[in-house]
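When the letters of the sequence shown are read in order and numbered with my numbering, they come out as residues 316 to 573.
Just so you know, even glycine gets a beta-carbon here, dropped at the ideal spot from N, CA and C.
Some notes on the structure that comes next.
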Amino acid sequence: MIAVPSRPAFRLRLSWPRCILSLFLLIPASLSADEPLVADLDNHLVAITAGFTGEELLLFGTMQGDGDIVVVVHGPKQDIVARRKDRVAGIWMNTESVEFKGVPSFYSVATTAKSGLDLPPSALRRHQIGLENIRLQTDDILSQKDYDQFAASVLRNKVAIGLFSPDAGVVERRGRQLFRASVLIPTNVPVGTYTVETLLVRDGQVAAAQTTPLFVNKEGFGAQVYRTAYMQPALYGLAAIFIAGFAGLAANWIFQKL
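Below is the structure:
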């Protein structure tokens with residue numbers, strides 16, 4: 316079971332008339348009439364510039380028949396090292412570490428379910444619905460107790476910095492077919508390719524699924540600095556030294572003139 320808040324976790328930005336218009340523009344009528352589930356985003360590209368303060372995207376779609384909608388957003392995968400500190404000779408030191416591979420850098424989930432999702436634990440794990448079902452894989456050999464503690468620390472840290480959503484957001488329905496949900500992109504979101512998975516849950520199973528890509532890229536001068544730092548570290552280091560030296564000389568000259 317996943318926790319469902321009593322009120323919407325995200326502010327829904329577009330009115331229903333605009334949402335319906337988007338459906339007509341972006342989803343072919345013949346496809347929406349034949350498919351049990353059709354969903355799309357109002358924007359597939361998030362551009363991070365120097366003044367980026369986060370962005371709110373709209374996911375919208377249609378469904379055929381009864382059931383609940385679940386939306387799961389995964390960021391690009393990354394490897395994370397979790398460390399444990401213990402007191403050694405009166406000093407707190409890192410004594411153990413575990414590397415988790417393929418951890419999503421961002422995670423959020425939303426659903427139309429009001430009091431819990433009708434899915435077996437195996438399906439929740441397969442689609443990684445809920446924080447407790449995110450796959451945290453490691454090649455390190457450790458006990459189940461240690462694994463649980465290290466995994467919990469990874470999840471706790473991700474929640475603390477706002478990259479993992481601890482509770483399910485709300486997918487809003489209009490009638491029996493239309494639905495929409497907000498996807499909130501925070502300011503510290505990592506760049507890369509994201510997957511937005513939309514599921515139709517019916518009779519205790521996933522009746523239909525659709526995956527929509529989302530691209531988060533840096534743009535502008537900040538993007539050039541970012542690419543230089545990672546693709547040409549030597550050049551970036553020399554430039555940083557030059558700028559620091561020039562700034563020091565300039566500050567010294569100004570101080571002497573005062």
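Item, Value
"In terms of alpha-carbon separation, which member of S437, G417, I363 lies closest to R450?", "G417"
"From what residue to what residue does the alpha helix (DSSP H) around L470 run?", "459 to 475"
"Determine the direct distance from the alpha carbon of D357 to that of L457, and round the result to whole angstroms.", "44 Å"
"Taking all protein chains shown into account, decide if R495 is buried (16 or more other Cβ within 10 angstroms of its Cβ) or exposed.", "buried"
"If you draw a straight line from the C-alpha of Q520 to the C-alpha of D433, how long is it?", "8 Å"
"Would you decide whether S430 is buried or exposed? Buried here means 16 or more other CB atoms lie within 10 Å of its CB.", "exposed"
"Would A354 pass as a contact of T510 if the rule is Cβ separation under 7 Å?", "no"
"Apart from the five residues just before and just after V361, which ones in its own chain have a Cβ nearer than 6 Å to its Cβ?", "E370, I500, V531"
"In terms of alpha-carbon separation, which member of L439, I395, P505 lies closest to R471?", "I395"
"Determine, using beta carbons only, whether D455 and V386 come nearer to each other than 7 Å.", "no"
"Assuming the contact rule is C-beta atoms closer than 8 Å, T427 and V388 should be a hit. Round their C-beta distance to whole Å, please.", "So it is not a contact: roughly 16 Å between Cβ atoms."
"Please name the residue in L515, D518, V504 whose C-alpha comes closest to that of F421.", "V504"
"Rounded to whole angstroms, how far is the Cβ of A365 from the Cβ of S468, which I believe are closer than 8 Å?", "In fact, because the Cβ distance is near 33 Å, the residues do not count as touching under 8 Å."
"By how many angstroms is the C-alpha of I363 removed from the C-alpha of V506?", "8 Å"
"Nearest to D482 by CA position, among A438, A522, N448, is which residue?", "N448"
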